[in-house]
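According to mature numbering (1 follows the signal peptide of the UniProt record, and there is no 0), the residues represented by the sequence shown are -21 to -1, 1 to 238, in order. From the three backbone atoms N, C-alpha and C, an ideal C-beta is built for every residue, glycine too. All values reported here derive from a predicted model rather than from experimental measurement. The structure appears right after this line, and notes come after that.
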Amino acid sequence: MRFFKRTLLFLLVVFVLPASASLAWWAVQERPGSWRSADWSASGVLPAPAGDPQAAVYVMAARTGGMKGALSVHSWLVLKRANASGYDRYDKVGWGSPVRRNAYPADGRWYSNTPYVVTAIKGEEAERLIPQVEAAIASYPFSQRGDYGLWPGPNSNSFTAHVLRTVADLDIALPPTAVGRDYRPGIFAFDHAPDWSDVHVSFGGLAGFAAGLRSGFELQFLGLVAGLDIRNPALKVPGFGRVELWPSATAGEKVTPST
């Protein structure tokens, strides 16, 4: 009984209270009443393709709509080959054929929420990775009509996470607010990075943990994530995402923002 009470207290303090605070904060934010009234236009976050001749791979995210936005972002992928005149954007959505190409502007707002760049890889490295990313998109197992589950998945974040796991050289994890990123089919799933630098255990996407260079240390409960990023020091707080412990330097063309 004592263990049960301590477990409940732990879940309350680590997951329920932060998520409730985020819900309260989000409830007083101004936001559109429906997808019809939302702004889906280009945000200007990405450079104009004609002015940036380098190849590029972007992972992007923005808070999603309704009260879901208190706890989760929507994520997507943007690709551009060298000297290309435009971007190619790939999302998974909850209607029709779920995996979409260029259904929205590359850096379009999502339910009026301005996106941010989770990571950016440019130049020769991006050119090398683009075929791998395209192959990972094509191999996504939940790409048919009906292959969408809002919670615990497979949803938009499950799709992006699949690509990031498949193309290990992208070397990035989705934000802790990307609910659905830790979904794995089945009651129990275990997987790891090819070099064992990251390991993941999932119980139907409802609970689990991750540990490694990419994930740091994470506990997952009902799609929420709490933990510690060691490589780029930050706390991972349910609903609020990353809370930077101190500014961290990034190297080369790869950028990992603190949001």
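Tell me whether residue i sits in a helix, a strand or coil according to DSSP, three-state version.
i: Q33; result: coil
i: N211; result: coil
i: F(-12); result: helix
i: N134; result: coil
i: P67; result: One point to set straight first is that residue 67 is Asp, not Pro, in the sequence displayed. If DSSP states are grouped into helix, strand and coil, D67 belongs with the strands.
i: I166; result: coil
i: L203; result: strand
i: V142; result: helix
i: residue 283; result: Nothing about residue 283 can be read from this structure; the chain reaches only from -21 to 238.
i: A105; result: helix
i: D86; result: coil
i: A152; result: coil
i: G45; result: helix
i: A40; result: strand
i: V72; result: coil
i: A27; result: coil
i: A99; result: strand
Tell me the residue span of the beta strand (DSSP E) that contains residue i.
i: E223; result: 220 to 223
i: Q199; result: 195 to 200
i: A189; result: 186 to 191
i: R80; result: 78 to 80
i: L56; result: 52 to 59
i: F182; result: 177 to 182
Report the rounded CA-to-CA distance for residue i versus residue j, giving the unit in angstroms.
i: G44; j: F(-7); result: 21 Å
i: D18; j: V97; result: 21 Å
i: L185; j: L198; result: 11 Å
i: A228; j: A147; result: Residue placement at A228 cannot be trusted, given a pLDDT of 40 that sits under 50; what the coordinates show is reported in the next sentence. Taking the straight line from one Cα to the other gives about 21 Å.
i: T238; j: S76; result: Any answer about T238 is weak, because its pLDDT of 38 lies below 50 and its placement is not dependable; what the coordinates show is given next. Their backbone Cα atoms lie some 31 Å apart in a straight line.
i: W175; j: A157; result: 23 Å
i: A115; j: I109; result: 10 Å
i: A117; j: A85; result: 19 Å
i: A(-3); j: T145; result: 30 Å
i: H53; j: M39; result: 8 Å
i: S137; j: R210; result: 23 Å
i: R68; j: S20; result: 14 Å
i: L153; j: S16; result: 28 Å
i: L207; j: G195; result: 6 Å
i: V180; j: R163; result: 9 Å
Locate the alpha helix (DSSP H) running through residue i, then write down its first and last residues.
i: S1; result: -5 to 6
i: S20; result: First-last for S20: undefined, no H or E at that position.
Is residue i buried or exposed, if buried means 16 or more other CB atoms sit within 10 Å of its CB?
i: G132; result: buried
i: D177; result: buried
i: T139; result: buried
i: I166; result: exposed
i: N62; result: exposed
i: residue 249; result: Outside the modelled stretch of the chain, which goes from -21 to 238, sits residue 249, for which no answer is possible.
i: P217; result: buried
i: G87; result: buried
i: R193; result: buried
Is any beta-carbon of chain D found at less than 8 Å from that of residue i?
i: P77; result: No chain D appears in the structure shown, which is made up of a single protein chain.
At a cut-off of 7 Å, is residue i close to the ligand ATP when judged by its beta-carbon and the heavy atoms of the ligand?
i: L(-11); result: What this structure holds is no ligand at all, so the ligand ATP is not there to describe.
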